[in-house]
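S.K.: Before I ask anything, here is the structure I am working with.
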Amino acid sequence: MATESLLLSLLSVCVLFSCVDSQFCREGWQSFGDSCYGFGESTTAWGAAEAICKVYNGKLAEIETFEENEFLKNLAKSKQADRVLLGGTDMFSEGSWEWSSGGKHIFPFVDWAPGQPDDSSGEDCLTFSRDNKYQWNDFHCEQAAYFICEAPRLDPIVG
C-alpha cells in the first residue's frame, strides 16, 4: 500500500511538472532544459530557416550537450526527416564551425558522422542526416531541408 501511494505521488508530480513545463512553450513546441524547440514542418534553405526562427524570437537550434543532441535527434527521427538544418555554419571561415547566433565556436560537444565535415562542393551548413544515423553532417546552405528552431521559454502569464 505504501509503495502504491509513493508511486501515485511520484506520478502526480511528473504529470504536474510536464503540464507546467509545457505551458512555457508555444503550442506544438517541445521543452528541453531552458529552451523550447519547434520543428519546421516544411523544407527551406538555411538562411530562410534562420529568418523563420527569428520571427519566433529564436534561432536555429544550437547543440551544446550530449543530452540536448539526443533530444533533438529523437525529435528529427520522430518526424522521419531526411535532413534537418541546425544553427552551425563555417560559411564565414572554412573549417571553423560556429553557431550562427553569436559566432561561438562549436565546442566542446560535437557529433560529426565519420568522415564529416567533408565540405563536399562547398557545404557550409550543419544538419542532422538520416543517412548518417542523425549524426552531424555538413550540407549545402541553399538546398531545402527541414529545420529545428530554439527559443527561450515563455514567461508565465501572471494575474
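Just so you know, the sequence shown maps onto residues 0 to 158 in numbering that gives the first Met the number 0. Where is the CB? At the ideal position from N, CA and C, for every residue including glycine.
For the segment 65–133, which segments carrying the beta strand (DSSP E) assignment without a break, of at least 3 residues, lie completely within its bounds, in sequence order?
M.R.: 82–88 and 124–128, all fully within the segment 65–133.
S.K.: Can you grab the Cα-Cα spacing for the pair Asp33 / Pro151, in whole Å?
M.R.: Near 7 Å, if we compare the C-alpha coordinates of Pro151 and Asp33.
S.K.: Beta strand (DSSP E) containing Ile147: first to last residue?
M.R.: From DSSP, the beta strand (DSSP E) with Ile147 extends over Ala144 to Pro151.
S.K.: From which residue to which residue does the alpha helix (DSSP H) around Gly46 run?
M.R.: Its alpha helix (DSSP H) spans residues Trp45 to Val54.
S.K.: Excluding sequence positions up to five away, which residues of its chain have a Cβ less than 8 Å from the Cβ of Gln115?
M.R.: Around Gln115: Asn131, Gln134, Trp135, Asn136 and Asp137.
S.K.: In whole angstroms, what is the alpha-carbon distance linking Ser128 and Leu84?
M.R.: If you take the alpha carbons of Ser128 and Leu84, they lie about 9 Å apart.
S.K.: Can you give me the C-alpha to C-alpha distance between Pro107 and Glu97, rounded to a whole angstrom?
M.R.: Going by the C-alpha atoms only, they are around 11 Å apart.
S.K.: Alpha carbon to alpha carbon, how far is Asp154 from Phe70? Give it in angstroms, no decimals.
M.R.: Roughly 23 Å separates the two Cα atoms.
S.K.: So Gly37 and Cys124 are in contact, right, with Cβ under 8 Å, and what is the actual spacing, rounded?
M.R.: So it is not a contact: roughly 18 Å between Cβ atoms.
S.K.: One question on the structure: do Glu141 and Ala48 come within less than 8 Å of each other, judged by their Cβ atoms?
M.R.: No, the Cβ-Cβ distance between Glu141 and Ala48 is not below 8 Å.
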